[in-house]
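Enquirer:
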Amino acid sequence: MINISDSHRGTIFWKSDKSPVKNNFVYFDFKHKLLPQNIDILSKKLVCIESDNLVINDNFIICNEKKYPIKRNQKTGSGKSIKQFYYEGSVPKNQAVVWGSNLESFDSRYWGFIEYRQLKTMLLLL
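To convert, take the position in the sequence shown, counting from 1, and add 57; that gives the numbering used here.
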């Protein structure tokens, strides 16, 4: 699997049958009205899981005090408003938070939690 996403530019991944753990790269089926219709799989980094302490604010996704920088966009390139997700507390049961390393990535800062069971592991090769 070659990743063409700006979130992990220039990387090559291998699909794995291992259960995802924090800091693994993961991929998952995902449809959203703001994504192009031909995109139905996303790849991100798994940064926070059930029971972890989570803060999502304007500048960071913070999991157990580890900070992942973000930049929020209020509108898409075509002018559509983007719903924002803010949170402070424990990650709910069976939920996870994902992050794209591109500062403007479309990730949990906008749509919140994703069910952990949806995530599949990718092993970084290059």
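Even glycine gets a Cβ: it sits at the ideal position worked out from N, Cα and C.
Cutting at 7 Å between CB atoms, please list the residues of its own chain near leucine 180, excluding the five before and the five after it.
Expert: Same-chain partners within the cutoff: Phe70, Trp71 and Ser73.
Enquirer: Excluding sequence positions up to five away, which residues of its chain have a Cβ less than 6 Å from the Cβ of aspartate 109?
Expert: Cβ within range, chain order: Cys120, Asn121 and Val148.
Enquirer: Could you tell me which residues DSSP pairs with glycine 146 in its beta bridges?
Expert: The partner list for glycine 146 (beta bridge, DSSP) reads Leu111.
Enquirer: Taking the DSSP output, what are the residues bridged to lysine 177?
Expert: Beta-bridge pairing links lysine 177 to Tyr84.
Enquirer: Tell me whether the segment 151-164 and the segment 120-140 touch, counting them as touching only if at least three CB pairs, one residue from each stretch, are closer than 8 Å.
Expert: Result yes; three or more Cβ-Cβ pairs closer than 8 Å.
Enquirer: Just the Cα atoms here: how many angstroms apart are tyrosine 144 and threonine 68?
Expert: Roughly 30 Å between the two C-alpha positions.
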